[in-house]
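Going by the UniProt record's numbering, the sequence shown opens with residue 1, and the numbers climb by one from there.
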Amino acid sequence: MQVDVKIDSTVDEMKILVIADKEGHTVDTFVDYIRDYERKQVTKLMAYKGDTAYLINISDILRIYAGNQKVFVETQQNEYIVRYRLYELEELLEKKTFLRISNSEIVNTNQILNIDLSIVGRICIRFPGNIQTYVSRRYVPKIKKSLGI
1 MQVDVKIDST VDEMKILVIA DKEGHTVDTF VDYIRDYERK QVTKLMAYKG
51 DTAYLINISD ILRIYAGNQK VFVETQQNEY IVRYRLYELE ELLEKKTFLR
101 ISNSEIVNTN QILNIDLSIV GRICIRFPGN IQTYVSRRYV PKIKKSLGI
């Protein structure tokens, strides 16, 4: 692999160009790695409970879900409302850590205590504080692959 760096003071933001002889797994993995690096820069998220705003550590988030036209962030201690769409948070957060498990929910894989596979065709994910959620049937194969089940 050849790496070239060109410094240009007229450029507003860094640009990365990948040139390869063919598209494939290696190129896709490399591009995902670069995108995830940028996502890792986000460490806190502004969330609201009533009239109070809180800065929530990304690592404290158990799950993010949509309901009643709002997006909620759940930690072990509280539940907050965020002013993002679910797809925006999915783009913002690190893909290897935050996995979409349904059309309306994303979970933090670093916070998973255990996974119950006893229900045929369903997966139950348990978090600290007796919090649990279910993977939708459509996402089961993707989740099994991502978590190595």
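Glycine included, every Cβ here is placed at the ideal spot set by N, Cα and C.
>> Residues in the same chain with beta-carbon distance under 8 Å from residue 143, minus the five sequence neighbours each way, listed in chain order, please.
In response: 99, 101, 123, 135 and 149
> Taking just the CA atoms, how far does residue 91 sit from residue 48?
Replying inline: 20 Å
>> Let me make sure I understand the geometry here. Which of 11, 1 and 112 has the alpha-carbon closest to that of residue 63?
In response: 112
>> Can you look up residue 96 in the DSSP assignment and give me helix, strand or coil?
In response: coil
> For residue 104 versus residue 67, is the C-beta spacing smaller than 8 Å?
Replying inline: yes
> Skipping 5 residues on each side, what residues in its chain have a beta carbon closer than 8 Å to that of residue 106?
Replying inline: 63, 64, 65, 86, 89, 90, 93, 98, 99 and 100
> Going by alpha carbons, who is nearest to residue 74 out of 45, 51 and 96?
Replying inline: 45
> Taking the alpha carbon of residue 129 as the point to measure from, which residue in 21, 77 and 3 has its own alpha carbon closest?
Replying inline: 77
> Once you ignore the five residues that flank residue 54 on each side, which residues in its own chain have a CB closer than 6 Å to its CB?
Replying inline: 47
> For residue 110, which residues of its own chain have a beta-carbon under 6 Å away from its beta-carbon, when the five flanking residues on both sides are left out?
Replying inline: 97
> From residue 120 to residue 71, what does the alpha carbon distance come to, in whole angstroms?
Replying inline: 29 Å
>> Which runs of the beta strand (DSSP E) at least 3 residues long sit entirely within the UniProt domain "HTH LytTR-type" (45-149)? Give them in chain order.
In response: 52-57, 61-67, 70-75, 79-82, 98-102, 105-108, 114-116, 123-127 and 131-135
>> Tell me which residues share the same chain as residue 28 and place their Cβ nearer than 8 Å to its Cβ, disregarding the 5 neighbours each side in the sequence.
In response: none
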